[in-house]
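Below is one structure, written out as structure tokens; the observations come after it.
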Amino acid sequence: MTTEDAENDKTSADKPAADKPADKRRAWLVGIAEIVGELLITLAVICALYVVWQLWWTGVQSEHQQLQARASTSWSNPGSGDTRKVAKPQKGAPPVQPKQASEGELMAQAYIPRFGQHWERNVVQGTSPRELAYAGLGHYPNTQMPGEMGNVAIAGHRAGYGEPLGHVDELRVGDAIVLRTKDYWYVYHYTRYKIVSPEEVSVIAPNPDSPSDAPDRRMITLTTCEPKYTTATHRWISWGEFGYWAKVSDGVPKELLGDRGSNVAFADDKGSVMARLGSLQPVFLVLAAAYLIIYLAALAAWRYPLLRQIRKGEKPRPMISLYGWLLRHQSGIAPIRWLLLILLLLALVCALMEWGFPWLASNVPMLRQMSNYSTF
Numbered sequence: 001m002t003t004e005d006a007e008n009d010k011t012s013a014d015k016p017a018a019d020k021p022a023d024k025r026r027a028w029l030v031g032i033a034e035i036v037g038e039l040l041i042t043l044a045v046i047c048a049l050y051v052v053w054q055l056w057w058t059g060v061q062s063e064h065q066q067l068q069a070r071a072s073t074s075w076s077n078p079g080s081g082d083t084r085k086v087a088k089p090q091k092g093a094p095p096v097q098p099k100q101a102s103e104g105e106l107m108a109q110a111y112i113p114r115f116g117q118h119w120e121r122n123v124v125q126g127t128s129p130r131e132l133a134y135a136g137l138g139h140y141p142n143t144q145m146p147g148e149m150g151n152v153a154i155a156g157h158r159a160g161y162g163e164p165l166g167h168v169d170e171l172r173v174g175d176a177i178v179l180r181t182k183d184y185w186y187v188y189h190y191t192r193y194k195i196v197s198p199e200e201v202s203v204i205a206p207n208p209d210s211p212s213d214a215p216d217r218r219m220i221t222l223t224t225c226e227p228k229y230t231t232a233t234h235r236w237i238s239w240g241e242f243g244y245w246a247k248v249s250d251g252v253p254k255e256l257l258g259d260r261g262s263n264v265a266f267a268d269d270k271g272s273v274m275a276r277l278g279s280l281q282p283v284f285l286v287l288a289a290a291y292l293i294i295y296l297a298a299l300a301a302w303r304y305p306l307l308r309q310i311r312k313g314e315k316p317r318p319m320i321s322l323y324g325w326l327l328r329h330q331s332g333i334a335p336i337r338w339l340l341l342i343l344l345l346l347a348l349v350c351a352l353m354e355w356g357f358p359w360l361a362s363n364v365p366m367l368r369q370m371s372n373y374s375t376f
């Protein structure tokens with residue numbers, strides 16, 4: 001081997017790996033694979049956030065609307081004060097209240113202790129998608145009113161929108177189902193359930209057991225979707241029979257006071273912070289403003305130090321990466337860049353929850369069917 005050949009071999013051995021064509025191709029393939037991986041992870045996170053929006057945030061919005069509806073009424077609060085009187089059961093036929101109600105009007109509040117201490121839902125007139133999504137429970141307009149002979153039929157979601165009837169499968173014989181109108185309590189007790197097809201409307205007839213006959217007792221019917229988390233092919237029907245009625249002015253039914261003071265929380269519960277807020281738009285605006293202020297301040301103080309170091313060769317050129325690119329193009333030093341990236345991602349999450357997912361649920365047929373989405 002000549003001296004020239006030896007020098008050529010040495011030069012080839014000393015050549016950086018990234019300069020070899022095969023290594024360059026390999027680096028590009030690795031970079032593309034990383035981009036695809038990041039996109040798949042991003043898609044998975046977006047899908048998870050959509051589930052969070054559907055199962056949690058729609059419930060927050062529903063609670064917000066119900067809090068506003070209750071605040072707009074002049075109904076007294078039966079749970080005020082440290083002590084609560086037990087309302088005495090009244091004798092005789094119960095009064096009917098309300099006599100009638102307009103579409104969307106608050107006509108009652110429902111309490112089912114089996115569903116938890118804080119379970120309380122509004123009951124409005126009507127079962128349109130909007131009412132069931134944001135108003136709580138909906139009363140079938142062609143069925144009887146609370147206290148009336150026959151069947152008080154009420155519908156509610158089983159998943160999403162606060163899932164008011166999400167736990168109907170946990171009801172036990174004898175469980176209380178309590179309706180409170182402006183002046184009266186109506187206490188029903190759960191008796192049985194049945195799973196039917198959507199076409200079987202006789203379940204909400206005045207006399208569900210014999211639809212062609214006149215009603216001979218006072219009942220309540222709760223209808224919801226079955227199965228719970230997939231496209232509903234059937235309806236879960238829960239029935240209860242009337243026990244007694246009482247006056248709101250006399251106190252609270254014993255069924256809502258529970259054992260050893262485990263009282264049901266009433267309308268004096270102002271709801272969670274998020275429920276009182278009801279919208280992520282203010283959160284988005286705060287995050288966007290914080291991002292802009294910090295970005296501009298860091299830009300004035302440091303500009304883009306990482307990009308400058310890469311251009312000067314002080315730091316190696318990084319691999320292709322979507323989130324790496326976003327991080328590098330934030331202004332300021334490393335801690336500031338990370339803070340800016342976090343603020344940016346949080347703002348994007350808020351935008352998806354507030355505007356992106358509602359748009360998808362409204363315009364993508366499959367998502368619209370799955371979510372039963374309704375706009376305000």
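Numbering (the UniProt record's numbering), first residue to last: 1 to 376.
All residues carry an ideal CB built from backbone N, CA and C; glycine is no exception.
Shown here, Gly156 sits in coil according to DSSP, grouped into three states, outside any helix or strand. Following the DSSP letters along the chain, one finds Arg218 in no alpha helix (DSSP H) but inside the beta strand (DSSP E) bounded by residues 218–226. Within the same chain, Cβ atoms closer than 6 Å to the Cβ of Ser62 are found at Tyr134, Tyr161, Gly162, the five residues on either side in sequence being excluded. Counting along the chain, Arg121 sits inside no alpha helix (DSSP H); it lies in the beta strand (DSSP E) bounded by residues 121–125. Segment contact: the stretch 98–109 against the stretch 163–175, fewer than three CB-CB distances shorter than 8 Å; contact not assigned. Per the Cβ contact rule, the stretch 280–294 is not in contact with the stretch 107–122 (fewer than 3 Cβ pairs under 8 Å). Glu241 is the residue among Glu314, Ser362, Glu241 whose C-alpha sits nearest the C-alpha of Val178.
Fully enclosed beta strand (DSSP E) runs of no fewer than 3 residues occupy 176–180, 184–196 of the stretch 166–214, in order along the chain. By the beta-carbon neighbour count (other beta carbons within 10 angstroms, threshold 16), Met366 is exposed.
Less than 9 Å separates the beta-carbon of Pro253 from that of Ala87. By the Cβ neighbour-count rule, Gln330 is buried, with 16 or more other Cβ atoms within 10 Å of its own. Beyond the five residues adjoining it in sequence on each side, Lys194 comes within less than 6 Å, by CB distance, of Ile237 in the same chain, given in chain order. Judged by their CB atoms, Pro95 and Tyr229 are not nearer to each other than the 9 Å cut-off.
Excluding residues up to 5 positions away in sequence, Cys350 lie with their Cβ nearer than 6 Å to the Cβ of Val283 in the same chain. Rounded to the nearest angstrom, the gap between the Cα atoms of Gly243 and Gly278 is 37 Å.
Rounded to the nearest whole angstrom, the C-alpha separation of His64 and Trp56 is 13 Å.
Per DSSP, the unbroken beta strand (DSSP E) holding Ile237 starts and ends at 234–247. The beta carbon of Gly332 is closer than 6 Å to those of Ala298, Trp302 in its chain, skipping five residues each way along the sequence. Annotation: Arg180 to Phe357 spans about 35 Å, alpha carbon to alpha carbon. Apart from sequence neighbours up to five positions away, the residues of its chain that approach Glu34 with a beta-carbon distance below 7 Å are Met319, Ile320, Ser321, ordered along the chain. Residue burial is scored here from C-beta neighbours: Val187 has at least 16 other C-beta atoms within 10 angstroms and is therefore classed as buried.
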